[in-house]
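Q: So the sequence lines, in the order shown, correspond to chains A and B. 508 is the number of the first residue of the first sequence in the working numbering; add one for each residue after it. 22 is the number of the first residue of the second sequence in the working numbering; add one for each residue after it.
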Amino acid sequence: MAIAENGTCTCCDAPTEEDLLERLKAFLEDYKNTPGALIPVLQITQNLFGYLPESALKLIAERLDKSFSEVAGVVGFYSFFSTEPRGKHLVRVCLGTACYVRGGKDVLDALKGSLKVEVGRTTEDRNFTLDVGRCFGACGLAPVIMIDDNVHQGVKPTQVASILEQYREGGAK
Amino acid sequence: MTQATLTTKVALKINGVTVEADMGMTILQAAATAGIRIPTMCYLENVSCIGACRVCLCEVEGARNLVAACSTPAVPNMKVKTNSRRVREARKTVVELLLSEHAGDCPTCDRNADCELQALARELGIHENRYEGERTHKSLDLSTPAVLRDSGKCIKCRRCVSVCAETQGVGALFPQGRGFDTVIGPAFARELSTVPCVQCGQCAAVCPVGAITEQSHIERVWDALDDPNVHVVVQTAPAIRAALGECFGCEPGTLVTGKMVAALRRLGFDGVFDTNFTADLTILEEGTELLTRLKKALVDKEDVALPMFTSCSPGWIKFAEYYHPDMLPNLSTCKSPQQMFGTLAKTYYAKKLDKTAQEIFCVSVMPCTAKKFECQRPEMFDSGAQDVDAVLTTRELGRMIQEAGIDFMGLPDEEMDAPMGMSTGAADIFANTGGVMEAALRTAYEIITGRQLPMEKLHIAPIMGLEGIKEAAVTIEGAVPAWSFLEGVTVKVAVSHGLTNANKLMELIKSGERSYHFIEVMTCTGGCIGGGGQPRFCTDEVRKARISAIYREDEGKSLRKSHDNPAVKQLYEDFLGQPLGEKSHHLLHTRYTPRVRV
Numbered sequence: 508m509a510i511a512e513n514g515t516c517t518c519c520d521a522p523t524e525e526d527l528l529e530r531l532k533a534f535l536e537d538y539k540n541t542p543g544a545l546i547p548v549l550q551i552t553q554n555l556f557g558y559l560p561e562s563a564l565k566l567i568a569e570r571l572d573k574s575f576s577e578v579a580g581v582v583g584f585y586s587f588f589s590t591e592p593r594g595k596h597l598v599r600v601c602l603g604t605a606c607y608v609r610g611g612k613d614v615l616d617a618l619k620g621s622l623k624v625e626v627g628r629t630t631e632d633r634n635f636t637l638d639v640g641r642c643f644g645a646c647g648l649a650p651v652i653m654i655d656d657n658v659h660q661g662v663k664p665t666q667v668a669s670i671l672e673q674y675r676e677g678g679a680k
Numbered sequence: 022m023t024q025a026t027l028t029t030k031v032a033l034k035i036n037g038v039t040v041e042a043d044m045g046m047t048i049l050q051a052a053a054t055a056g057i058r059i060p061t062m063c064y065l066e067n068v069s070c071i072g073a074c075r076v077c078l079c080e081v082e083g084a085r086n087l088v089a090a091c092s093t094p095a096v097p098n099m100k101v102k103t104n105s106r107r108v109r110e111a112r113k114t115v116v117e118l119l120l121s122e123h124a125g126d127c128p129t130c131d132r133n134a135d136c137e138l139q140a141l142a143r144e145l146g147i148h149e150n151r152y153e154g155e156r157t158h159k160s161l162d163l164s165t166p167a168v169l170r171d172s173g174k175c176i177k178c179r180r181c182v183s184v185c186a187e188t189q190g191v192g193a194l195f196p197q198g199r200g201f202d203t204v205i206g207p208a209f210a211r212e213l214s215t216v217p218c219v220q221c222g223q224c225a226a227v228c229p230v231g232a233i234t235e236q237s238h239i240e241r242v243w244d245a246l247d248d249p250n251v252h253v254v255v256q257t258a259p260a261i262r263a264a265l266g267e268c269f270g271c272e273p274g275t276l277v278t279g280k281m282v283a284a285l286r287r288l289g290f291d292g293v294f295d296t297n298f299t300a301d302l303t304i305l306e307e308g309t310e311l312l313t314r315l316k317k318a319l320v321d322k323e324d325v326a327l328p329m330f331t332s333c334s335p336g337w338i339k340f341a342e343y344y345h346p347d348m349l350p351n352l353s354t355c356k357s358p359q360q361m362f363g364t365l366a367k368t369y370y371a372k373k374l375d376k377t378a379q380e381i382f383c384v385s386v387m388p389c390t391a392k393k394f395e396c397q398r399p400e401m402f403d404s405g406a407q408d409v410d411a412v413l414t415t416r417e418l419g420r421m422i423q424e425a426g427i428d429f430m431g432l433p434d435e436e437m438d439a440p441m442g443m444s445t446g447a448a449d450i451f452a453n454t455g456g457v458m459e460a461a462l463r464t465a466y467e468i469i470t471g472r473q474l475p476m477e478k479l480h481i482a483p484i485m486g487l488e489g490i491k492e493a494a495v496t497i498e499g500a501v502p503a504w505s506f507l508e509g510v511t512v513k514v515a516v517s518h519g520l521t522n523a524n525k526l527m528e529l530i531k532s533g534e535r536s537y538h539f540i541e542v543m544t545c546t547g548g549c550i551g552g553g554g555q556p557r558f559c560t561d562e563v564r565k566a567r568i569s570a571i572y573r574e575d576e577g578k579s580l581r582k583s584h585d586n587p588a589v590k591q592l593y594e595d596f597l598g599q600p601l602g603e604k605s606h607h608l609l610h611t612r613y614t615p616r617v618r619v
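Right under this line is the structure:
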């Protein structure tokens, strides 16, 4: 990757980590003396980077005057925070009671097989991250999966491959 | 406003008895004032309420559920039952569930017979394991020189989290993860060496079980004692004599200096000496350093780092290296008394015996875990070998005495060996918050004015006791000619203990709100008597008892000012030359390293 002077990558327009850290610093200035700032700051950071890199967490600890252990503890407590780079698309399988009873677990197994990753991991091509959730509030449509902001209802294990296909390069979505 | 809102007292009934509690007290505190004991586990004084363990559950009339006594305020007309059948059964279940997860190997655990969970199980009458299930996974963290963590034994009470964050301002430990898989540990449940832990061991001091302890040096000390080719010397810190007795059933505050010396001889040490000796020496070196800095500032108008901070407490040193690297020039360059002793044992004393540094094995007994970190710092090899080879905590010494089958309480009182066992009362008080400062002023005042410090019993009352930050000012009148530049100068000093208080003091100084000449910082609450290596369990009441024992030891001595120590005078005549001289500079002073916090 070639880095231009303004901190962006010259071969694509994606900002570098250093560039994003600079932007995070600006956000942190606003939150410096705000009580209870940690969780909003972590959300901003995850939106900025797509995940929570350690360099950002250390910067947050330093600027908000919190210990790194506390910041890490909060990140680890909430399942929506991720310390691993996420794929382009987030695939979440509902394992709430209704979805579980109607075969959510089998859908998950099919996704694992199709994507060749375990829960919480990202495919080698960085296209998909597989995750699970506990009830998306769509029990009548069970079993459901969510890919990014789209809900797929009544999913059967055999449909998994074709659903994923829509999200691949050149797919329908 | 009605009468009721004006009153500062609250009347409630606990177990049918009317109790008058102060407004704002919890049920737990109100019960304690009436002498009613409610069992607790996560409760810790001086930090905010944790409320994690639910062991202190009580029944309150009108409340649907049982309430935690530690976190429920006592209110007027409340009717509390602390020991009903419902309460007893609930408490029992809570502890049974803790036991069901706890991966404790009681007979081989460091805390066997000194474990709060064991004691609670006995107290609540738990005789069977009704809940079989998955146990916490054993995971040993041996990554730091002083503190050992075994997460398998952790019951997640969070006392360590509170003391590390609130009392010490470090926050090395925090719950990581969620539910059964929660680990109380450093960021991302990695090793302790990956976070800025200062090794003070307060986490180990408050741990109710065997999840956090010190890295033991007992085996290496036994090995040295059994080796006929090494000459093994031992030094004991001033705080040990006021606490070691607690390992043998004595009340806190029992002085056992003579028995401690006798026990060390029976363990086989070739020389039984006193860290007090180098505490006196520290006063001469550090006092001279302070006066030199003051002279540079006031007479030579040089830009010199003031205020000067004491450097005896290795947790504070590591803390300053992490959190206040800009202030490192303000730390006294004096090594701690432990390290001065180690260097001298392997040079001055070795020379007397015609031995090399390598032929001496130097053991220290410390109230502290951070001393185990300090002794292996790269700066601490000035004798040509590691100056201090092994550090035992007070608890470890107690265990060695037991292992050796010595009847401690039946021992006669014995005296320390000469010359490095000689000390004054000024050295004893190094054990207490405010003590190093008082010892320094006893000597400095007399050097400057030629007269004794004009205070009752030589004590500086404003800097005694458990208040977190203390101040005193002494105006110099009648300075002798050599120090005439200090005539009329009001020397301002401050004392803090607990690193959060050190932080507060630092902020006051950096903002310009306060200015001082000399500041004593001790890492642990109460000073060394409340150190991370002292017998458990240390409350403020225990701290006060140990502190008054130390002042008794000081007041009982004929010599109470460091510069009067004849063995220290001899040391300068025979070996060192003068304070801050060439040899002192090389052997007794050190340097500090800024460290990266995250």
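Virtual Cβ for every residue (Gly too), placed ideally from N, Cα, C.
What is the rounded straight-line gap between the Cα of Phe330(B) and the Cα of Phe195(B)?
A: In the second sequence, the residue the question calls residue 330(B) occupies position 309. In the second sequence, the residue the question calls residue 195(B) occupies position 174. Approximately 30 angstroms, taken between the alpha carbons.
Q: If you drop the 5 nearest sequence neighbours on each side, which residues of the same chain put their C-beta closer than 7 angstroms to that of Arg75(B)?
A: Sequence index remark: in the second sequence, residue 75(B) carries index 54 (1-based). These residues qualify, in order along the chain: Ala89 and Val115.
Q: Under the rule that 16 or more other beta-carbon atoms within 10 Å means buried, what is Val254(B), buried or exposed?
A: Numbered from its first residue, the second sequence carries residue 254(B) at position 233. Val254(B) should be labelled buried.
Q: Counting along the chain, where does the beta strand (DSSP E) carrying Asn657(A) start and finish?
A: For the purposes of this step, residue 657(A) is taken as the residue at position 150 of the first sequence. Asn657 to His659 is the extent of the beta strand (DSSP E) around Asn657(A).
Q: Does the Cβ-Cβ distance between Arg573(B) and Pro273(B) come in under 9 angstroms?
A: The residue labelled residue 573(B) in the question sits at position 552 within the second sequence. The residue labelled residue 273(B) in the question sits at position 252 within the second sequence. Not closer than 9 angstroms, so no.
Q: Find out if the Cβ-Cβ distance for the pair Met401(B), Val409(B) is shorter than 9 angstroms.
A: Here residue 401(B) refers to the residue found at position 380 when the second sequence is read from its first residue. Here residue 409(B) refers to the residue found at position 388 when the second sequence is read from its first residue. In contact: Met401(B) and Val409(B) (Cβ atoms closer than 9 angstroms).
Q: For chain B, is any of its Cβ atoms less than 9 angstroms away from the one on Gln660(A)?
A: Along the first sequence, one-based indexing puts residue 660(A) at 153. By this cut-off, Gln660(A) is not an interface position.
Q: Does Phe201(B) get closer than 9 angstroms to chain A when you measure Cβ to Cβ?
A: To locate residue 201(B), count along the second sequence from 1; it is residue 180. Not an interface residue.
Q: Whose C-alpha, out of Val510(B), Leu529(B) and Gln359(B), is nearest the C-alpha of Val516(B)?
A: Taking the second sequence and counting its residues from 1, the one referred to as residue 516(B) is at position 495. The option with the nearest alpha carbon to Val516(B) is Leu529(B).
Q: Please tell me whether Ser172(B) has its Cβ less than 9 angstroms away from any Cβ of chain A.
A: For the purposes of this step, residue 172(B) is taken as residue 151 along the second sequence, with counting starting at 1. No, no contact with chain A.
Q: Quick one: give me the first and last residue of the beta strand (DSSP E) that Arg170(B) is part of.
A: Residue 170(B) sits at position 149 when you count from the first residue of the second sequence. Val168 to Asp171 is the extent of the beta strand (DSSP E) around Arg170(B).
Q: Are the C-beta of Thr590(A) and some C-beta of chain B separated by less than 9 angstroms?
A: For the purposes of this step, residue 590(A) is taken as residue 83 along the first sequence, with counting starting at 1. Taking Cβ atoms only, chain B reaches closer than 9 angstroms to Thr590(A), which makes this a yes.
Q: Beta carbon of Gly270(B), beta carbon of Met430(B): below 9 angstroms?
A: For the purposes of this step, residue 270(B) is taken as the residue at position 249 of the second sequence. For the purposes of this step, residue 430(B) is taken as the residue at position 409 of the second sequence. Yes, the Cβ-Cβ distance between Gly270(B) and Met430(B) is below 9 angstroms.
Q: Please report how far the alpha carbon of Ala461(B) lies from the alpha carbon of Ala452(B), in whole angstroms.
A: Here residue 461(B) is taken as the residue at index 440 of the second sequence, counted from 1. Here residue 452(B) is taken as the residue at index 431 of the second sequence, counted from 1. Rounded to whole angstroms, Ala461(B) to Ala452(B) spans 14 angstroms at the Cα level.
Q: Looking at Pro350(B) and Cys333(B), is the spacing between their C-beta atoms short of 9 angstroms?
A: As a position in the second sequence, residue 333(B) is number 312, starting the count at 1. As a position in the second sequence, residue 350(B) is number 329, starting the count at 1. For Cys333(B) and Pro350(B), no; Cβs fall outside 9 angstroms.
Q: Counting only Cβ pairs nearer than 7 angstroms, list the residues of chain B close to Gly603(A).
A: Working through the first sequence from its first residue, we reach residue 603(A) at position 96. By Cβ distance, chain B contributes nothing, its closest Cβ being about 17 angstroms from Gly603(A), past 7 angstroms.
Q: Can you have a look at Asn586(B) and say buried or exposed, based on whether 16 or more other CB atoms are within 10 angstroms of its CB?
A: Numbered from 1 along the second sequence, position 565 holds the residue referred to as residue 586(B). Classification of Asn586(B): buried, given that the 10 Å Cβ count is 16 or more.
Q: Within 9 angstroms of any Cβ in chain A, is that where the Cβ of Leu141(B) sits?
A: Taking the second sequence and counting its residues from 1, the one referred to as residue 141(B) is at position 120. No, its Cβ sits nowhere closer than 9 angstroms to a Cβ of chain A.
Q: Go through its chain and collect everything with a Cβ distance to Arg143(B)'s Cβ below 6 angstroms, but skip five positions before and after it.
A: Translated into positions along the second sequence, residue 143(B) becomes position 122. So no residue of the chain qualifies.
Q: Using the beta-carbon of each residue, which ones in chain A are nearer than 7 angstroms to Gln197(B)?
A: As a first step, residue 197(B) is located in the second sequence; it is residue number 176 there, counting from the start. Simply Ala579, Gly580 and Gly583.
Q: Would you report the Cα separation of Thr3(B) and Val168(B), rounded to the nearest angstrom?
A: One cannot answer for residue 3(B) here, as it falls past the ends of chain B, which runs 22 to 619.
Q: When you compare the CB of Ala563(A) with every CB in chain B, is at least one pair closer than 9 angstroms?
A: Translated into positions along the first sequence, residue 563(A) becomes position 56. So no, Ala563(A) is outside the interface.
Q: Checking the sheet assignment: what are the DSSP bridge partners for Gly580(A)?
A: Taking the first sequence and counting its residues from 1, the one referred to as residue 580(A) is at position 73. DSSP output for Gly580(A) lists no bridge partner at all.
Q: Under a three-way DSSP split, which group does Ser517(B) fall into?
A: Residue mapping note: residue 517(B) aligns to position 496 of the second sequence, counting from 1. Ser517(B) falls in the strand class under three-state DSSP.
Q: So Pro196(B) is in the beta strand (DSSP E); what residue range does that whole segment cover?
A: Position 175 of the second sequence, counted from the start, is the residue given in the question as residue 196(B). That run of the beta strand (DSSP E) goes Phe195 to Gln197.
Q: Consult DSSP for Ala599(A) and reduce its assignment to one of helix, strand or coil.
A: Here residue 599(A) refers to the residue found at position 92 when the first sequence is read from its first residue. The residue asked about is misnamed: residue 599(A) is Arg in this sequence, not Ala. Looking at Arg599(A) - three-state DSSP - the assignment turns out to be strand.
Q: Scan the region 411-432 of chain B for residues whose Cβ lies nearer than 8 angstroms to a Cβ of chain A and list them as they occur along the chain.
A: Residues: none.
Q: Residue ranges of each alpha helix (DSSP H) run of no fewer than 4 residues wholly in the region 494-552 of chain B, ordered along the chain?
A: With a minimum length of 4 residues, the continuous alpha helix (DSSP H) runs that stay inside the region 494-552 of chain B are 520-531.
Q: Just the Cα atoms here: how many angstroms apart are Arg609(A) and Phe201(B)?
A: Your numbering for residue 609(A) matches position 102 in the first sequence. Your numbering for residue 201(B) matches position 180 in the second sequence. Cα-Cα distance, rounded: 27 angstroms.
Q: Starting from His610(B), follow its DSSP beta bridges and name the residues at the other end.
A: Within the second sequence, numbered from 1, the residue matching residue 610(B) stands at position 589. Answer is Cys355(B), bridged to His610(B).
Q: Can you tell me where the beta strand (DSSP E) holding Glu80(B) begins and where it ends?
A: For this step, residue 80(B) is matched to residue 59 along the second sequence. First-last of the beta strand (DSSP E) with Glu80(B): Leu78 to Val81.
Q: Which ranges does the beta strand (DSSP E) cover as unbroken runs of at least 3 residues, wholly within the region 302-341 of chain B, from first to last along the chain?
A: Fully enclosed beta strand (DSSP E) runs of 3 or longer: not present.
Q: Indicate whether at least one CB of chain A lies closer than 9 angstroms to the CB of Cys563(B).
A: As a first step, residue 563(B) must be located in the second sequence, where it is residue number 542. According to the sequence as given, residue 563(B) is Val; it is not Cys. Output row for Val563(B): interface = no.
Q: Taking Phe575(A) as the query, report the chain B residues whose CB atoms sit under 7 angstroms from its CB, ordered along the chain.
A: As a position in the first sequence, residue 575(A) is number 68, starting the count at 1. Under the 7 angstroms cutoff, chain B gives Ala208, Val216 and Val619.
Q: Following the continuous alpha helix (DSSP H) through Thr470(B), name the residue where it begins and the one where it ends.
A: For the purposes of this step, residue 470(B) is identified with residue 449 of the second sequence, where counting begins at 1. Start and end: Gly456 to Thr470.
Q: Taking C-alpha atoms, which residue in Arg112(B), Pro600(B) and Thr61(B) lies nearest to Thr303(B)?
A: Sequence index remark: in the second sequence, residue 303(B) carries index 282 (1-based). Of the candidates Arg112(B), Pro600(B) and Thr61(B), the one whose C-alpha sits nearest the C-alpha of Thr303(B) is Pro600(B).
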